[in-house]
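Have a look at the structure below, then the notes.
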Amino acid sequence: MHGRFAAAVLILVILLVAARATRAQRQSPDTAPHPWYQHAVFYEIYPRSFMDSNGDGIGDLNGIAAKLDYLKALGVDAIWIAPCFPSPQVDFGYDVSDYQNIDPMFGTLDDFDRLQKLGEAHDIKIILDFVVNHTSDQHPWFLDSRSSRSAPKRDWYIWREGKSGNPPNNWISNFGGSAWQWDSTTQQYYYHYFYVQQPDLNWRNPAVVDAMYGTTEWWYQRGVAGFRLDAVDSLYEDPALRDNPVLPGTNDFGDPKIENKYTQALPEVHTALQGLRTVANKYNAVLIGETWTDNVAQLEPYYGAANDELQMPMDLLLTKLKFSAPVFREHIDAVEATGEWPVFVIGNHDIVRSWNRYGDGQHNDQVAKDMAAMFLTLRGTPILYYGDEIGMQNNDPTRREDVKDPIGRLGWPKEKGRDGERTPMQWNSEPNAGFTTGTPWNSIPETYKTYNVADELKDPNSILNWYKQLLALRRSNLALLDGDYFGLNEKDPNVLSYLRKSATDALIVIINMSAAPQTVNFRLSKQRLNVKSAKTLLTTQPSLQNNSSVAQISLEPFAVYIASLK
């Protein structure tokens with residue numbers, strides 16, 4: 005009896021030690037080799053808006069290829085291209101009608117292959133945007149599915165009977181109205197979490213699962229290095245079709261507010277992600293997740309209990325935070341507490357430009373530099389959004405007739421849509437910002453005359469050159485690549501400061517996030533650092549260029565100071 009008890013205790017101790025060791029490995033990034041995507045800098049391209057190569061006013065793959073030199077010089081390692089597959093363009097490409105081709109507006113498969121090979125020559129990997137939740141209603145799969153109740157692909161989508169002439173339940177589309185659409189041909193409703201023209205795939209059908217896994221493999225074999233997975237939380241719905249709980253009030257479209265309890269983030273999502281990861285692992289590919297969460301803790305399961313799901317679930321919470329040292333500090337501490345590898349995002353094609361969102365209307369350029377300094381020096385992988393590196397600004401439509409985004413047309417004037425953050429890239433101060441020789445598909449703000457690549461490259465103090473310097477430092481500094489994060493002066497209401505420390509290097513980042521001068525003092529003995537001197541690596545404050553001590557630093561408003569410690 006005592007022998008069995010002792011053996012049981014021994015096994016328990018071994019398991020606890022193993023668990024702690026596993027956790028320690030996650031929490032100490034400096035102790036293990038890093039996969040390629042952790043050291044990489046990702047850059048999202050909205051293909052309609054990056055560069056037009058043929059004068060039709062719409063960006064294309066050859067336009068992207070023409071700008072690879074720019075991306076290489078910027079410091080980009082991988083480009084995520086928003087959907088470029090054939091599509092009726094109801095939702096600007098997020099309604100896919102063929103997963104294994106290129107939409108003619110963007111080019112051809114040959115153009116893609118050329119881009120991929122040029123990317124290899126520039127050491128820039130290609131990440132595609134994979135719309136996993138739904139297809140277009142013009143996809144051959146859905147055309148077959150809606151042709152009759154006995155069609156071979158009927159069960160590839162979600163069809164249900166109504167209730168007394170009404171939809172099956174109270175589920176609401178993310179883009180307004182019921183999530184159920186009546187089909188007069190087969191006399192049933194189909195489910196669409198997004199637009200009516202975007203029917204949801206039935207991920208409970210093994211044939212659908214196989215087809216989607218096979219699609220990723222088809223692209224991996226063409227040289228794609230990974231996928232950004234769109235709307236991953238929406239893959240599964242409650243098979244019992246229980247009503248979602250109703251909340252007080254209405255949404256921007258006038259519908260009752262509901263809690264998406266039975267339509268979002270169901271446990272089965274993780275099974276699908278594990279399957280997608282299994283295929284990705286065969287090609288050393290990366291999976292990036294569009295993972296909207298209410299808090300940092302909810303991000304952790306997307307990595308997988310055995311690190312077998314998403315390598316890069318995006319921390320989109322950062323995009324909702326106000327520009328504030330205490331707010332950012334609290335968020336970073338929560339991210340660090342998970343022990344996972346963070347993925348920081350400050351902008352994308354669905355969110356108001358970071359220049360506008362974080363700025364105060366007076367110091368936006370300085371704030372943009374502060375944001376770059378923070379999210380490019382934290383532990384983790386950053387994903388840039390095209391144009392943020394030059395301070396591009398939102399250009400929202402002022403009239404309903406100018407709105408192109410269906411969300412804006414449906415929700416006007418309360419909801420103006422996403423056109424403003426999707427305007428063409430501003431390459432120079434020539435007509436149409438050098439984006440096209442034709443008529444641009446989306447309006448270009450007048451600010452392009454001063455915020456553009458050509459002019460900012462000539463200005464050593466521009467936002468663009470600040471980004472380039474930060475990215476060059478990130479690439480060359482071991483503390484930034486592999487080091488741990490240690491917060492400093494954690495009660496300071498104005499200045500965000502922290503250490504990045506690897507086995508061989510230590511670096512301090514100090515960012516004044518206020519419009520007033522600030523003086524900060526540091527006692528680094530708590531971090532077991534016997535600092536004798538500091539060497540300025542980057543700063544926005546010329547008077548600190550030759551600074552050699554961090555015992556006390558006087559900062560101008562919004563100043564950034566980054567130094568190595570000896």
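Residue numbers for the sequence shown follow this note's numbering, so the first one is 5 and each next one is one higher.
Glycine included, every Cβ here is placed at the ideal spot set by N, Cα and C.
Original post:
Apart from the five residues on each side of it in sequence, which residues of its chain come closer than 6 Å, Cβ to Cβ, to Leu485?
Top reply: Once the five neighbours on either side are set aside, the close Cβ partners of Leu485 are His43.
Discussion item. Which residues does DSSP list as the beta-bridge partners of Asn516?
Written reply: DSSP output for Asn516 lists Val499 as bridge partner(s).
Do Asp409 and Gly395 have their C-beta atoms within less than 8 Å of each other? Cβ distance not < 8 Å, so Asp409 and Gly395 don't count as in contact.
Worksheet item: In three-state DSSP terms, what is Ala338?
Response: For Ala338, the secondary structure class from DSSP, reduced to helix, strand or coil, is helix.
>> Give me, in chain order, the residues of the same chain whose beta-carbon lies closer than 6 Å to that of Gln522; leave out the 5 immediate sequence neighbours on both sides.
In response: Taken in chain order, the residues that qualify are Asn498, Val499, Asn516, Leu559.
- [ ] Using a threshold of 8 Å, state whether the C-beta atoms of Tyr193 and Trp186 are closer than that.
- [x] Contact: yes.
* To do: Tell me, please, whether the CB atom of Arg532 is closer than 8 Å to any CB atom in chain B?
  => The displayed structure is made up of one protein chain only, and chain B is not part of it.
- [ ] To the nearest angstrom, report how far apart Lys570 and Arg383 are at their CA atoms.
- [x] Taking the straight line from one Cα to the other gives about 21 Å.
With DSSP collapsed to three states, give me the class of Asp369. Looking at Asp369 - three-state DSSP - the assignment turns out to be helix.
Do the stretch 90–101 and the stretch 127–144 touch if we need at least three Cβ pairs shorter than 8 Å? Using a C-beta cut-off of 8 Å, the stretch 90–101 makes contact with the stretch 127–144, since at least three inter-stretch Cβ pairs fall below that distance.
Three-state secondary structure assigned by DSSP to Gln556: It is a strand residue.
- [ ] Within 10 angstroms of the Cβ of Arg404, are there 16 or more other Cβ atoms? Answer buried if so, exposed if not.
- [x] The residue in question, Arg404, is exposed, as its Cβ has fewer than 16 Cβ neighbours within 10 Å.
*Have a look at Leu277, Tyr217, Met216, Arg426 and flag the residue whose alpha-carbon is nearest the alpha-carbon of Val236.*
That would be Leu277, whose Cα lies nearest to the Cα of Val236.
Rounded straight-line distance, which links the Cα of Thr427 to that of Ser447
Computed Cα separation, rounded: 6 Å.
Whole-angstrom distance between Asn255 and Lys464, CA atom to CA atom | Note that residue 464 is Pro in the sequence shown, not Lys. Those two C-alpha atoms are separated by around 46 Å.
Does Gly169 pass the burial test, meaning 16 or more other C-beta atoms within 10 Å, or should it be called exposed? So Gly169 counts as exposed.
Self-check item: Alpha-carbon to alpha-carbon, Thr139 and Ile176
Solution: Between Ile176 and Thr139, the C-alpha separation is close to 18 Å.
Would you kindly work out how many angstroms separate the C-alpha atoms of Gly351 and Ser154, rounded to a whole number? Cα to Cα, Gly351 sits roughly 45 Å from Ser154.
In chain order, which beta strand (DSSP E) runs of at least 3 residues are fully inside the stretch 426–455?
With a minimum length of 3 residues, no continuous beta strand (DSSP E) run stays inside the stretch 426–455.
Query - Ser553 versus Val513, Val564, Ala538, residue with shortest Cα-Cα distance - result: Of the listed residues, the one whose Cα sits closest to Ser553 is Ala538.
Suppose contacts are defined by Cβ-Cβ distances below 8 Å. Is Glu272 in contact with Tyr240 by that definition?
Going by C-beta atoms, Glu272 is nearer than 8 Å to Tyr240.
Look up Trp593 in the DSSP assignment and say whether it is helix, strand or coil. Because the chain here runs from 5 to 570, residue 593 falls outside it and cannot be looked at.
Given a cut-off of 8 Å, decide if Leu542 and Leu474 are closer than it, judged by their beta-carbon atoms. Taking 8 Å as the Cβ cut-off, Leu474 and Leu542 qualify as a contacting pair.
> What runs of the beta strand (DSSP E), each 3 residues or longer, lie entirely inside the stretch 360–423?
Replying inline: If you keep only unbroken beta strand (DSSP E) runs of at least 3 residues inside the stretch 360–423, you get 385–389.
*asked:* Please classify Trp40 as buried or exposed, where buried requires at least 16 other C-beta atoms within 10 Å of its C-beta.
replied: Its Cβ having fewer than 16 others within 10 Å, Trp40 is exposed.
Out of Asp488, Arg208, Asn209, Ala338, which one is the CA nearest neighbour of Asp298? Sorting Asp488, Arg208, Asn209, Ala338 by C-alpha distance to the C-alpha of Asp298 places Ala338 at the top.
Any alpha helix (DSSP H) of 4 or more consecutive residues that is wholly inside the stretch 172–228 = Fully enclosed alpha helix (DSSP H) runs of no fewer than 4 residues occupy 210–224 of the stretch 172–228, in order along the chain.
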